[in-house]
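Okay, structure first, notes after.
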Amino acid sequence: MSQSTDILIELRQLSKKFGKFTAVDKVSLQIYRGECIGFLGPNGAGKSTTMKMVANLLRPTAGEIWIRTNGHLEQLTGQNKDRLLDNTGFLIESPAFYKTSTPRQILTYFAKLKGYPRPEIKSRVENIVGMIGLRKWIDEKIGTFSKGMKQKIGIVSAIVHDPDIVILDEPHTGLDPSARRDVRDFILKLREMGKTVFLSSHLLYEVSEVADRIAIISHGRIIACDTLDNLESQAQRSTIHLEVLHPSEYRESGESTETRESQKFQDPQDSKIIQESQDMVTKLYRVLHDFIEPNSISYHRDTRVYQIDFNGVPQTQHQMLRALMANDIMVVEFSVPKAGLLEALYLDYIAKSDTEDLEHQKANIKVEAVL
Ligand SMILES: Nc1ncnc2c1ncn2[C@@H]1O[C@H](COP(=O)(O)OP(=O)(O)O)[C@@H](O)[C@H]1O
Ligand SMILES: [Mg+2]
76 MSQSTDILIE LRQLSKKFGK FTAVDKVSLQ IYRGECIGFL GPNGAGKSTT
126 MKMVANLLRP TAGEIWIRTN GHLEQLTGQN KDRLLDNTGF LIESPAFYKT
176 STPRQILTYF AKLKGYPRPE IKSRVENIVG MIGLRKWIDE KIGTFSKGMK
226 QKIGIVSAIV HDPDIVILDE PHTGLDPSAR RDVRDFILKL REMGKTVFLS
276 SHLLYEVSEV ADRIAIISHG RIIACDTLDN LESQAQRSTI HLEVLHPSEY
326 RESGESTETR ESQKFQDPQD SKIIQESQDM VTKLYRVLHD FIEPNSISYH
376 RDTRVYQIDF NGVPQTQHQM LRALMANDIM VVEFSVPKAG LLEALYLDYI
426 AKSDTEDLEH QKANIKVEAV L
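Here the working numbering is used: the first residue of the sequence shown is 76, the next is one more, and so on.
Following this line, the structure appears as structure tokens:
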């Protein structure tokens, strides 16, 4: 799957700015034939903007989009878009349909528009409406449909011309659990049919159930991209959550717990806390340098947790704790989170990139260790 001849879409350093705001920031991504790749990120991360650029609905500020046609990759331009996107179907954000049209009319229209062979359109339309469980409704007016049913018609309208590549932007959004399951099953069917699926969602579960690989996007940047298994084992392997008392806390002896609690609610910009956490990060690197790599400690100000990446070996963990104690670091919490769930990783990556973003904003105060 990793052979370059199997790349169907390649994004190279793709960026989009709206005015001064960077919505998509040098995104590079390869989408392979036959895979389902999940594009996972919180609202506002840049998923739709990226997909709209692939659909040629938005023009990139910088970077390139390459799409395979007739065996070779070609760069998408305004001139060749129809030819290059011929083999791709899109659902970008929620579709809007005329209330008085029926699924049959809408899908027949799209099929003709996309040049699907005329004699086969009728059976094709009936077939795909059946695939998504709405066969009974094929001649009913869309105006009477629930949001979920409209969304399903939107999804099948993306594949009416039987493209090899299907790009679905948040197909689960606004659906109830049962409709979400139908959509999940439908995506699995597309995969069985050998389609290449590029699926975005802010819902981790929906993505992890169907995707072979997951690209996590936050603040316009891809912060992780791997198979679910690899992401999960990374999450399990190697993180310690450390909470310590800072010098100002244990100097005020007797009320340290309370002080800690009240400090949690202090302005995180508070310069004393920032200074102390910077000093602590420096000290942790010194104390733990035998056990960790550079750039493996980050501090999460809101939870007051130092996150330390290490090799995951229990002996190392033990030695690290001993080193902390031997150096009079006031450890109050030292744990390996049970992060088997990608959930933890996802939140963690997002938290890391949020922290990083804060650091960018506060260029005058540099915390050494974040990412
Ligand atoms: N047309 C636009 N003009 C200005 N800002 C936009 C526009 N479209 C999107 N954005 C901003 O870009 C960021 C990414 O948006 P979007 O790609 O829609 O995120 P997602 O799909 O991941 O929720 C958001 O902060 C959004 O407000
Ligand atoms: Mg979106």
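Where a beta carbon is used, it is the ideal one built from N, C-alpha and C, also for glycine.
Measuring straight from C-alpha to C-alpha, what distance separates residue i and residue j?
i, j, result
"Leu416", "Tyr191", "Legend: pLDDT at Leu416 = 47, less than 50; position of this residue unreliable, no value from coordinates given."
"Tyr173", "Ser232", "14 angstroms"
"Pro252", "Lys264", "18 angstroms"
"Glu139", "Leu243", "20 angstroms"
"Arg210", "Pro369", "58 angstroms"
"Ile82", "Phe96", "30 angstroms"
"Ala414", "Ile240", "In this prediction, Ala414 scores a pLDDT of 44, lower than 50, which makes its location untrustworthy; no coordinate-derived value is stated."
"His321", "Ser373", "16 angstroms"
"His466", "Ser169", "Given that the chain is displayed from residue 76 to residue 446, the structure contains no residue 466 and the question cannot be resolved."
"Gly153", "Phe366", "52 angstroms"
"Met395", "Glu351", "21 angstroms"
"Ile315", "Asp157", "51 angstroms"
"Thr144", "Asn131", "16 angstroms"
"Leu363", "Leu159", "53 angstroms"
"Asn162", "Asp237", "8 angstroms"
"Lys225", "Tyr107", "30 angstroms"
"Ile292", "Pro117", "8 angstroms"
"Ala401", "Asp377", "27 angstroms"
"His277", "Gly249", "12 angstroms"
"Lys189", "Ile298", "36 angstroms"
"Glu201", "Trp212", "10 angstroms"
"Phe165", "Thr302", "24 angstroms"
"Met268", "Glu195", "19 angstroms"
"Ser103", "Arg134", "16 angstroms"
"Ala171", "Ser371", "47 angstroms"
"Val411", "Leu399", "15 angstroms"
"Gln88", "Lys227", "33 angstroms"
If residue i sits next to residue j, beta carbons under 8 angstroms apart, how far is it from one beta carbon to the other, in whole angstroms?
i, j, result
"Ile230", "Phe185", "With a Cβ gap of about 12 angstroms, Ile230 and Phe185 do not count as contacting."
"Thr175", "Lys222", "Rounded, the Cβ-Cβ distance is 18 angstroms, inconsistent with contact."
"Ile207", "Val319", "Ile207 to Val319, Cβ: 54 angstroms. No contact."
"Leu279", "Leu115", "6 angstroms"
"Gly119", "Leu274", "At roughly 18 angstroms, the Cβ-Cβ gap does not stay under 8 angstroms, so Gly119 and Leu274 are not in contact."
Within the same chain, show all residues whose beta-carbon is closer than 7 angstroms to that of residue i, passing over the 5 residues directly before and after it, in chain order.
i, result
"Glu110", "Met76, Thr271, Asp287 and Arg288"
"Asn386", "Ser313"
"Asp214", "Thr177 and Arg179"
"Val407", "Glu318, Val319 and Leu320"
"Ile167", "Ser123, Met126, Lys127, Ala130, Leu132 and Asp244"
"Arg259", "Glu281, Glu284 and Val285"
"Glu149", "Trp141, Ile142, Asn155 and Leu159"
"His247", "Arg255, Val258, Ser276, Leu278 and Glu281"
Buried or exposed: residue i, going by 16 or more other Cβ atoms within 10 Å of its Cβ?
i, result
"Asp304", "exposed"
"Glu324", "buried"
"Thr219", "exposed"
"Leu151", "buried"
"Thr124", "buried"
"Tyr421", "buried"
"Leu86", "buried"
"Arg193", "exposed"
"Val388", "exposed"
"Gln105", "buried"
"His393", "exposed"
"Arg255", "buried"
"Gly205", "exposed"
"Lys187", "exposed"
Ignore the nearest five residues each way along the sequence and tell me which others in residue i's own chain have a CB closer than 8 angstroms to its CB.
i, result
"Lys92", "Ala98 and Thr136"
"Asp100", "Ser90, Gly121, His294, Gly295 and Arg296"
"Ile203", "Leu182, Val231, Ile234 and Val235"
"Ser198", "none"
Can you name, in chain order, every residue of its own chain whose Cβ lies under 6 angstroms from the Cβ of residue i, other than the five neighbours on each side?
i, result
"Cys300", "Ala290"
"Phe409", "Leu317 and Leu396"
"His390", "Sequence check: residue 390 is Gln here, not His. Contacts found: none."
"Gly94", "none"
"Ile84", "Ile106 and Ile142"
"Arg361", "none"
"Arg266", "Cys111"
Does the beta carbon of residue i come closer than 9 angstroms to any beta carbon on chain B?
i, result
"Arg379", "Absent here is chain B; the protein component of the structure consists of one chain."
So, do the segment 352 to 359 and the segment 381 to 399 have three or more beta carbon pairs nearer to each other than 8 angstroms?
-> yes
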